[in-house]
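Asker:
In my numbering, the protein residues as written are 0 to 195.
1) Would you list, in sequence order, the uninterrupted alpha helix (DSSP H) runs of no fewer than 4 residues that lie entirely inside the segment 118-177?
2) Between which residues of its own chain and residue 123 is the CB-CB distance below 7 Å, once the five residues before and five after are set aside?
3) As a quick exercise: from 61, 182, 92, pick the residue whose alpha carbon is nearest that of residue 8.
4) Can you list, in chain order, the residues of its chain whose CB lies under 6 Å from that of residue 131, leaving out five sequence neighbours each side?
5) In whole angstroms, what separates the C-alpha of residue 108 from that of residue 137?
6) For residue 170, tell me which candidate among 192, 59, 96, 187 has the shortest Cα-Cα distance.
7) Which residues in the same chain as residue 57 place their Cβ atom closer than 8 Å to its Cβ, once the five residues preceding and following it in sequence are excluded?
8) Should residue 13 go down as buried or exposed, given a rule of 16 or more other Cβ atoms within 10 Å for buried?
9) Are the CB atoms of residue 76 and residue 84 within a distance shorter than 8 Å?
10) Quick check on the burial criterion: 16 or more other C-beta atoms within 10 angstroms. Buried or exposed for residue 95?
11) Does the separation of the CB atoms of residue 106 and residue 26 fall below 8 Å?
12) My assumption, with CB atoms under 8 Å, is that residue 79 sits in contact with residue 146. Please give the rounded CB distance.
13) Among the candidates 128, 184, 144, 65, whose CA atom is the shortest distance from the CA of residue 100?
This is the structure we're talking about:
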């Protein structure tokens, strides 16, 4: 019943309202990060130390891990019933009718805002497990579908572990971006095939 209400609410929203809701949540995460960062970092340079600009690490570890997740996810999308990936229609609304540049922009904003908040702030203060659990909880739309719940929890712990291992925020931002961008393109492609 709750799922039907969520799907109905999403259907009533315009594409612009869905996108604006996304932008608002990302703006709030960045604002919270700024506020928290003022208290936990001595200065901007202290925060900047979370970024290590090793091209090999960023591309190989971040991009490679993201690509691996996407390959596994696309494979599972072809093997599992469509209902296992039903998030109430939000992803289809976000990515379905967007240009490649639009999907790129959304993936950038989400990856930067969420990783700065969850890894740069929450994981830095409270550690790997609380940050990973909070990340999963925030993606509430996935928590009403058991497969998506498992998926987002594993992904959250995977990203958190990668940050724990590398200590490099740039690596996890690139991983997150790669996942969102490539899956956004896959969702758009699937939507276009349905509409033909």
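We treat Cβ as the ideally placed atom computed from N, Cα and C, and that holds for glycine.
Answerer: Taking the definition as stated:
1) 127-137, 145-165
2) 39
3) 92
4) 155, 156, 159
5) 16 Å
6) 59
7) 167, 169, 170, 173
8) exposed
9) yes
10) buried
11) no
12) 7 Å
13) 184
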